[in-house]
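Each residue of the sequence shown is one higher than the one before, counting from 6 in our numbering.
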Amino acid sequence: MGAPHYRSERQHAVLTAGETIALLRELKGWTQEELARRSHIAATNISRLEHGHVELGKQRAIVLAKAFGVHPATLMFPDYPLQKAA
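Below you can see the structure in the form of structure tokens.
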């Protein structure tokens, strides 16, 4: 029985804002229409956001974050690695 072997920490997944929106929506079990109803953003624009055809922008991030119950930074900076607390 030697010393334990630990695997190194994996890099975080790189997601776009649109992929993050789609992921959160799917985790909630919502359709694009349901997210549209909750956020007051048209379902066609939800689709365009998820597919990267339009930019998220600050105002949309705030509205969507409120609908999801997350901080807007979760949507605006999905590729920013979280730091461990000291």
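Backbone N, C-alpha and C define an ideal beta-carbon position, used for all residues, glycine too.
Since the model is a prediction, treat every value here as computed from it, not as a measurement.
Do residue j and residue i come within 7 Å of each other at the CB atom, strictly closer than that value?
{"i": "residue 40", "j": "residue 30", "result": "yes"}
State the Cα-Cα distance for the pair residue i and residue j, rounded to the nearest angstrom.
{"i": "residue 90", "j": "residue 82", "result": "With a pLDDT of 39 at residue 90, under the threshold of 50, the predicted position of this residue should be treated as unreliable, and no value is reported."}
{"i": "residue 76", "j": "residue 28", "result": "15 Å"}
{"i": "residue 56", "j": "residue 84", "result": "16 Å"}
{"i": "residue 47", "j": "residue 38", "result": "8 Å"}
{"i": "residue 79", "j": "residue 62", "result": "13 Å"}
{"i": "residue 36", "j": "residue 51", "result": "10 Å"}
{"i": "residue 73", "j": "residue 34", "result": "11 Å"}
{"i": "residue 67", "j": "residue 26", "result": "12 Å"}
{"i": "residue 49", "j": "residue 69", "result": "14 Å"}
Comparing alpha-carbon positions, which option in the options lies nearest residue i?
{"i": "residue 24", "options": "63, 53 and 67", "result": "53"}
{"i": "residue 42", "options": "58, 71 and 22", "result": "71"}
{"i": "residue 22", "options": "67, 73 and 60", "result": "60"}
{"i": "residue 65", "options": "44, 74 and 58", "result": "44"}
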